[in-house]
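Trainee: Dumping the structure here so I can ask a few things about it.
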Amino acid sequence: MRRLATALALTLLLPALAAAGELGQITGTVDGAPHDWVVINDSTSRRSAATTVMSGVRQVTLWGAASADTPESPQGALLLDFSLISVGEAMTATDARLQYLKDGYKSGYLAVEDGLTQVTLSLAEQRPDGLHLSGKFSASATFSNQIKLRLTAPLPAVRIDGSFDVVLPEQQ
C-alpha cells in the first residue's frame, strides 16, 4: 500500500516538475554527508537524456545540478551515466560511471572505471512524455584535481550512494 501511495504521488508530481523544466531529482550521500541534486530540462545543453544508440540499447545521462537556480554551473554537480539494455519488457542498467564535481571542473570525485559504480533500477517505463527511470546507485569514488583528464589521486575512496527518479526526454 505504501508503494502504491508513493507511485501515485510521483505520477502526479513528475508532470508538474517537467513543466517547470525539472526532469526529476537525485538524492544521496557523499562520504556520509547528505546531498540533493535537481535534474533540469535544458534544451540547449541536453545534459540529461536517454539517447538511443541502437535497437534495445540507450545511453542514459543524468546531470544533477546542485541548485535549480544555477543549472549550468558544474559546481557541486553529480553526473551519472549508464547504458540501458532492453530485453523484451525488461530493462537493465550496465556500464555505470559517476562523477561528483565538488569544485566544478577543478576537483571532485570520480568512479569512471569498470565496476566502481552500480545502478539498480526499480522502475524503467516508456511513457508519452519520456522515459521514466527510478533506481539506486552506489559508487566507490576517488579524489581528482584533474577532473577533465579523469586522473585520480592515490587517496582512499569515498562512498557515494543515492537514488534518482526522473522522466527523461528521448534523443535519437
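So the sequence shown is residues -18 to -1, 1 to 154, counted in mature numbering (1 follows the signal peptide of the UniProt record, and there is no 0). Beta carbons are placed, not taken as given, at the ideal position from N, Cα and C, and that holds for glycine.
For M73 and A123, I'd like the C-alpha separation in whole angstroms.
Mentor: 26 Å
Trainee: Check whether the stretch 130 to 150 and the stretch 7 to 16 touch, using three or more Cβ-Cβ pairs below 8 Å as the test.
Mentor: Judged by Cβ distances under 8 Å, the stretch 130 to 150 makes contact with the stretch 7 to 16, as three or more pairs qualify.
Trainee: Assuming residue 213 and I8 are in contact, meaning their beta carbons sit under 8 Å apart, how far apart are those beta carbons, in whole angstroms?
Mentor: Beyond the ends of the chain as shown, which are -18 and 154, falls residue 213; an answer cannot be given.
Trainee: Given a threshold of 16 other Cβ atoms within 10 Å of its Cβ, counted over all protein chains shown, does S55 qualify as buried or as exposed?
Mentor: exposed
Trainee: With distances taken between CB atoms, is the gap from Q153 to A75 smaller than 8 Å?
Mentor: no
Trainee: Taking the beta carbon of A135 as the centre, do at least 16 other beta carbons fall within 10 Å, making it buried, or is it exposed?
Mentor: By the 10 Å Cβ count, A135 comes out exposed.
Trainee: Relative to the alpha-carbon of P16, which residue among L66, G58, V148, I67 has its alpha-carbon at the smallest distance?
Mentor: G58
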